[in-house]
Structure formats: structure tokens, C-alpha cells
């Protein structure tokens, strides 16, 4: 039996609509961080720069900062189910003013093997904000720093904003 992925419009009858029309801010409360480079000087010793700060409440802008993480800085997010992503917003923080590029890897496996897509961004300014179009369906997303300007390499983020809709596998009714 052939399976299709459709966008849930949230309407009775399961009508599908283009992702651009139905994309919404995904509540960070439902997103889990399953891996990442610990914050400075280690998540257990400083509440100020913890890894979990990167997906706190919208507008809170509490920083996640590494200690000389350089291009080893990464975070893996788990959305708990397949999501149709349309874009991801990234906001830097005072400690991450040297992040100049990053990419997102999308996968349906927590170890990120067999990625379904990758998209990058470069030339972000000091403590900048970047919105990246991400037309992929996946459960896991990894953010990985790919470049930084000269300096300490204390990379991080003050906020991520994920936009999209849940993906639902729909099985067609059997023929009569």
C-alpha cells in the first residue's frame, strides 16, 4: 500500500494546503535537545550559558555559549515526530559574535545517518540574526557551526525559531 506525506491543515477532513500558507512557529516546549557541545564552562557548573538556553521561551534570549567550541559547536534537536519545516530563525548572542556560518542537517534518525537534506548559511554578522529556508521533512535537525571570525571561538546562540507543520503519513483507502 502506497503511503503519502501530507500537511495537516488542522481542519476537519484533513485538507492539505501549501507549506507556505500553513507554516507556524513551532513551540520550543515540545522540542528536545538530544546532543550538543556543552556550554561554557560545562552545563553543570554554570547556569548562565547552558545548552538548553538555545531553545527557551520566545524572546527570552538567554545565551548558550561554548568555551572555544569553534567549528565543533553543534546542537541536535528532536521534534518528537516528523515535521514539514519551512524555515529556521537563528539569533546569535554576545558570546557568539564570531559565528559567521553554519548549516542545518535534517534526518529521520537520531544519529543523523542518511540525512534527508542540508542547508547552510554564511556571512552572518556579529550577534546577527539569520532566517534560512528549510524545505525538508524530518524529525531531527542538527545545527553545526561551519565558520567563525578570528577570536575566542566561544560560539553559541540566544534563540532558534522553528517554522513548519506536523507531517502525517496518510494511507489511501483500499479500492473497492
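Numbering (the numbering used here), first residue to last: 1 to 176.
Note that the Cβ used here is the ideal one computed from N, Cα and C, for glycine as well.
Hey, how far is the Cα of residue i from the Cα of residue j?
i	j	result
residue 137	residue 70	29 Å
residue 76	residue 168	22 Å
residue 35	residue 51	9 Å
residue 157	residue 54	6 Å
residue 78	residue 175	37 Å
residue 25	residue 37	25 Å
residue 23	residue 68	35 Å
residue 95	residue 86	28 Å
residue 129	residue 89	7 Å
residue 109	residue 93	29 Å
residue 112	residue 31	16 Å
residue 119	residue 80	21 Å
Who pairs with residue i in a beta bridge, going by DSSP?
i	result
residue 25	163
residue 142	76, 105
residue 137	84
residue 91	129, 159
residue 148	99
residue 69	None; residue 69 has no bridge partner.
residue 36	75
residue 49	BP columns for residue 49 are empty, so no partner.
Determine the closest residue to residue i out of the options, with distance taken between C-alpha atoms.
i	options	result
residue 72	158, 168, 154	154
residue 243	167, 159, 119, 168	It is not possible to answer for residue 243, since the shown part of the chain is limited to 1 through 176.
residue 64	81, 91, 34	91
residue 48	132, 79, 32, 62	62
residue 134	115, 164, 147	164
residue 40	31, 124, 66	66
residue 121	115, 131, 112, 80	131
residue 100	143, 123, 24	123
residue 141	102, 68, 95	102
residue 145	105, 115, 112	105
residue 149	98, 84, 93, 117	98
How would you write the range of the beta strand (DSSP E) that residue i sits in, first residue to last?
i	result
residue 31	Taken as a continuous stretch (DSSP letters only), residue 31 belongs to no beta strand (DSSP E), as it is neither H nor E.
residue 117	117-122
residue 129	129-133
Counting only the same chain and skipping the five closest in sequence on each side, list residues whose C-beta sits under 7 Å from that of residue i.
i	result
residue 114	107
In its own chain, which residues sit with a C-beta less than 8 Å from the C-beta of residue i, not counting the 5 before and 5 after it?
i	result
residue 33	51, 52, 54, 55, 75, 76, 77, 78
So with Cβ pairs under 8 Å, would you call residue i a contact of chain B?
i	result
residue 154	Of the chains in the structure shown, none is chain B; there is only one protein chain.
Might you give, ordered along the chain, the residues of its own chain that have their beta carbon closer than 6 Å to the beta carbon of residue i, omitting 5 neighbours on each side?
i	result
residue 82	137, 139, 167
residue 117	106, 136
residue 162	26, 88
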